[in-house]
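Read the structure below first, then the notes.
There are 2 protein chains.
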Amino acid sequence: MEFAKNQQNSWYENKEQVLVAVDCIIFGFDNETLKLLVFKREIQPLKGSWSLIGSFIRQNENANQAGLRILKDITGLENIFMEELKTYSAVDRDPGARCISIGQYALIRIDENNKELVNKHGAFWFSLDELPELVLDHNQMVKDALDRLREKARFSPIGFELLPKYFTLPQIQTLYEQIFQKRLDSRNFRKKLLSLNFLKKTEIKDKSSSKKGAYLYEFDYEKETDQSFIFKG
Amino acid sequence: MEFAKNQQNSWYENKEQVLVAVDCIIFGFDNETLKLLVFKREIQPLKGSWSLIGSFIRQNENANQAGLRILKDITGLENIFMEELKTYSAVDRDPGARCISIGQYALIRIDENNKELVNKHGAFWFSLDELPELVLDHNQMVKDALDRLREKARFSPIGFELLPKYFTLPQIQTLYEQIFQKRLDSRNFRKKLLSLNFLKKTEIKDKSSSKKGAYLYEFDYEKETDQSFIFKG
DNA sequence: ATAATAAATGTAATAATTACATTTATTATT
DNA sequence: AATAATAAATGTAATTATTACATTTATTAT
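Right under this line is the structure:
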């Protein structure tokens with residue numbers, strides 16, 4: 016900020032206090048539907064209500080660090096893809112205190128999360144279309160995060176963070192169909208995706224969902240570029 | 016947030032306090048270059064340093080309202096286009112206090128701002144390429160806001176907020192050339208822009224910059240759609 | 001009447017997107 | 001051993017969007 020410190024008219028003294036929290040919108044993909052990790056409050060008030068996972072920001076960490084701390088606490092995972100969504104600052108959004116929240120959305124490989132930790136925290140994976148009512152403005156946060164995910168997916172190869180290291184083309188097509196909530200033509204989808212040159216094909220087939228089996232691919236981070244990734248349809 | 020209030024183990028009590036500010040990155044366009052409104056601190060410390068315009072968020076307002084309040088204070092304008100950029104929360108970003116800032120960028124019609132108010136606040140319009148060093152992380156905020164503006168301009172018809180109600184096609188082309196920092200082909204630019212069908216042509220010519228004169232257009236808010244507005248360059 | 005200036009315009013070549021149906025590899029069944 | 005079943009893999013033609021590129025037009029000043 017811009018004004019004097021350690022002065023009589025200090026802008027830093029006696030400011031009306033606002034609490035700052037971080038809430039995480041955690042997406043996962045189980046090869047069928049997009050899912051969200053939410054948890055059930057085990058203490059009063061609002062015991063039994065579903066909520067996003069959050070925390071107040073601490074003195075010694077920035078918002079990003081706070082988000083990653085929460086993600087590690089609840090899933091055991093580090094190096095998770097996480098980006099700031101937006102802030103939520105309505106005056107009365109939290110009836111208990113004047114508290115603004117920085118929403119962060121994260122994409123994780125659902126099969127890699129530590130199930131014991133998740134259970135210990137009373138957290139559950141919900142399909143997005145079966146998501147229960149959440150506390151405060153958390154449903155709005157989820158809606159905003161989904162919009163952001165769609166917007167990003169149109170223009171950049173996001174979503175690989177939701178897939179295992181090796182994945183098949185039908186798998187990633189299903190993911191995109193889930194994100195956009197529409198069927199995609201497999202010939203056009205594959206043509207587009209492969210033309211972007213950031214997938215490396217392996218000679219290994221995954222036969223878990225067909226007799227023929229589908230080749231496994233991996234994301235080639237070397238080759239990821241700015242080239243736009245525009246799905247208009 | 017998710018935890019108990021008015022309880023012994025309340026999450027709302029004794030939280031380490033964080034101040035929350037809003038800083039505004041205010042863009043304008045003078046028909047030649049993109050400009051930014053910054054102001055010169057008139058009090059110690061850092062007297063004479065250039066700074067974005069900001070304020071602490073108040074108890075009775077959300078971040079958006081705080082931003083609009085600042086914009087009104089400094090320019091006299093209401094109903095300004097303003098969007099949240101991102102938060103800045105590095106632990107030591109402000110040596111005077113633990114203070115996070117919510118960056119908001121705004122687009123204003125430079126000719127409409129109240130010059131007396133602007134002067135009274137010690138504010139000046141700088142061309143982006145002549146921008147001085149700003150306090151704290153404000154230069155980073157400007158950089159991020161410019162990136163965002165570019166990104167948005169590629170995909171949506173942003174930028175009309177920077178132009179007067181009636182503007183010419185050469186004028187808007189110059190604006191886009193400033194945003195993208197590259198020359199655009201006028202035939203292709205006009206073809207694309209007009210094909211999107213959200214400009215209404217008037218029969219009035221603006222002769223301020225040529226003998227022939229250029230027709231004035233206005234933005235047709237009715238017709239603005241989602242259609243993408245992609246300038247690949 | 002002429003020169004000067006910036007605005008307005010068109011077309012052909014290339015690239016990207018869309019729409020659409022058949023063949024292939026494999027396993028399970030008979 | 002042959003057949004049925006299943007999902008994966010593939011190609012092409014039509015349409016649409018983008019790019020590259022130069023001349024004409026309207027007006028004012030000389």
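Keeping their order, the protein sequence lines are chains A and B. Note that our numbering has the first sequence beginning at 16, numbered continuously upward. Note that our numbering has the second sequence beginning at 16, numbered continuously upward. We treat Cβ as the ideally placed atom computed from N, Cα and C, and that holds for glycine.
Residue contact with chain B for residue 155 of chain A: absent (no Cβ-Cβ distance below 8 Å to any residue of chain B). Neighbourhood of residue 124 of chain A in chain B, by CB distance below 9 Å: empty, with the nearest CB roughly 25 Å away. The way I'd put it, the segment 128 to 146 of chain A does touch the segment 83 to 92 of chain A; three or more beta-carbon pairs between them come closer than 8 Å.
Chain A has no Cβ within less than 8 Å of the Cβ of residue 212 of chain B.
Short of 6 Å from the beta carbon of residue 45 of chain B, and not among the five residues preceding or following it, lie these beta carbons of its own chain, in chain order: 125. Ranking A/177, A/223, A/35 and A/170 by CA distance to the CA of residue 102 of chain B puts A/35 first. Taking a Cβ-Cβ cut-off of 8 Å, the neighbours of residue 106 of chain B in chain A comprise 74, 75, 76 and 77, given in sequence order. Your pair residue 118 of chain A and residue 38 of chain A checks out as a contact, with CB atoms roughly 5 Å apart and the cut at 8 Å. Of all residues in the segment 110 to 134 of chain A, those with a C-beta nearer than 9 Å to a C-beta of chain B are 110, 111, 112, 113, 114, 115, 116 and 117, reading in chain order.
Using a CB distance below 9 Å, the part of the segment 89 to 105 of chain B facing chain A consists of 99, 101, 102, 103, 104 and 105, ordered along the chain. Residue 104 of chain B counts as buried, since no fewer than 16 other beta carbons sit within 10 angstroms of its beta carbon. Collapsing the DSSP output to three states places residue 217 of chain B in a strand.
Here residue 209 of chain A is exposed: its Cβ has fewer than 16 other Cβ atoms, across all protein chains shown, within 10 Å. A straight-line Cα-Cα distance of about 46 Å links residue 224 of chain B and residue 160 of chain A. At a cut-off of 3 residues, the continuous stretches assigned as beta strand (DSSP E) that sit fully inside the segment 163 to 204 of chain B are 181 to 183. Within the segment 130 to 168 of chain A, the runs of alpha helix (DSSP H) that reach at least 4 residues and sit entirely inside it are, in chain order, 130 to 135. In the structure shown, residue 70 of chain A adopts extended strand secondary structure according to DSSP, grouped into three states.
The beta strand (DSSP E) runs of length 3 or more contained entirely in the segment 80 to 132 of chain A are, from start to end of the chain, 96 to 103 and 114 to 122. Each of B/73, B/219, B/233 and B/71 was checked against the Cα of residue 181 of chain B, and the nearest Cα belongs to B/233. Minimum Cα-Cα distance from residue 113 of chain A among the listed residues A/151, A/175 and A/127 corresponds to A/151. With contacts defined as CB atoms closer than 8 Å, residue 116 of chain A and residue 69 of chain A qualify as a contacting pair.
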